[in-house]
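Visitor:
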Amino acid sequence: MTFTSTSIKSSKRYGEKLLYSASVGLTALLLSQTAAAISTKNVTYTVDNQPYEGYYAKADKPNAPFILLIHDWDGLTDYERKRADMLASEGYNVLAADMFGQSIRPTTIEDNKRLTGALYDDRSKMRRLLQGALNAGQAQGNDARTGVTMGYCFGGTVALELARSGFPQKAFVPFHGAFDTPIGQSYDKTTGEILVFHGSADESVSLESFATLGKTLEAAKVPHEMLTYSGAPHAFSVFGSDRYDARADERSWKRYLDFLAEAYK
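Count the sequence shown with mature numbering (1 follows the signal peptide of the UniProt record, and there is no 0) and you get residues -37 to -1, 1 to 228, in order.
1. From the DSSP output, read off the bridge partner residues of residue 137.
2. When we look at the beta-carbon of residue 73 and count the other beta-carbons within 10 Å, is it buried (16 or more) or exposed?
3. In angstroms, rounded to a whole number, what distance separates the CA positions of residue 28 and residue 225?
4. Among 152, 25 and 160, which one has its Cα closest to the Cα of residue 182?
5. Just to confirm my understanding: we take residue 138, look at its own chain, exclude 5 residues before and 5 after, and list those with CB closer than 6 Å. What are they?
6. Compare the C-alpha of residue 149 against each of 140, 180 and 131 and name the closest.
7. Can you name, in chain order, every residue of its own chain whose Cβ lies under 7 Å from the Cβ of residue 91, other than the five neighbours on each side?
8. With a threshold of 8 Å between beta-carbons, can residue 28 be considered close to chain B, or not?
9. Using the Cβ count rule (16 or more neighbours within 10 Å means buried), how would you classify residue 208?
10. Do residue 76 and residue 54 count as a contact pair if the criterion is CB distance below 8 Å?
11. Within 10 angstroms of the Cβ of residue 2, are there 16 or more other Cβ atoms? Answer buried if so, exposed if not.
12. To the nearest angstrom, how far is it from the Cα of residue 144 to the Cα of residue 176?
13. Distance, Cα to Cα, residue 184 vs residue 52?
14. The beta strand (DSSP E) spanning residue 3 covers which residue range?
15. Going by beta-carbon coordinates alone, are residue 15 and residue 65 separated by less than 8 Å?
16. Between which two residues does the alpha helix (DSSP H) carrying residue 101 extend?
17. Please go through the same chain and pick out, in chain order, the residues whose beta-carbon is closer than 7 Å to the beta-carbon of residue 4, but skip the five residues on each side of it.
18. Can you tell which of 123, 42 and 34 has the C-alpha that lies nearest to the C-alpha of residue 204?
19. Please report the residue range of the alpha helix (DSSP H) in which residue 176 lies.
20. Flag this pair as yes or no: are the beta carbons of residue 8 and residue 98 separated by less than 8 Å?
Shown next, in the form of structure tokens:
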């Protein structure tokens, strides 16, 4: 890839997604992120002559590593913004990308299915949107080619799409994403490591699919680390939802931060 200019969750989750204080453990997790100052802003960019609006959280340090964060199937919400802020507080510049379009923020499961389904059916567009987001991150002064791409659920699936594209980055990190490899694709061009977080009780993405991804990455000789959390359902990291699992969230977040520290030491 080169720079250019340019599942089903319960409906209850969407009404609860902004409730951040789901547990004492989560409160401690969030408080640990508040020490460092950060700056934030919305960033508008263009893909295929259409406007998209991401969210940029900048760390208070020079030459901070870059992270591209891809949202869940309900679009860029306060959940992704909060995660971006948490990472910026840890010393990373984070662009939470927009995969649907400026002002397109779905509010129903039907909209979620329609918007994500269109991208699943058009992988070329999905990759152009990733290019556009990476360009937007680059325009903020970051080196996207030494960055990390992460994502939640739908976003985790998109992060793996970028990995298969061969775009050079340090790592690709899906949190409770989907793992099927589209027909005609492979991980033969993947350059970075893959770190996977998955709930063993996920009824949307099976442990068999998780294991198949591991076998696929091993066959392609892609460095990878794959972790599962017992009892954790799909979308286990979404604090405030009925699927939130504090133990799985806290452990996966800690491992992710340790992984990033190791990658950029």
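Heads up, the beta-carbon is just placed ideally off N, CA and C, and yes, glycines get one too. Here the structure is a predicted model, which is why all the values come from computation and not from measurement.
Guide: Checking against the coordinates, here is how it stands:
1. 114
2. exposed
3. 12 Å
4. 152
5. 115, 119, 160 and 200
6. 180
7. 10 and 11
8. Of the chains in the structure shown, none is chain B; there is only one protein chain.
9. buried
10. no
11. exposed
12. 8 Å
13. 34 Å
14. 1 to 10
15. yes
16. 86 to 102
17. 19
18. 42
19. 170 to 182
20. yes
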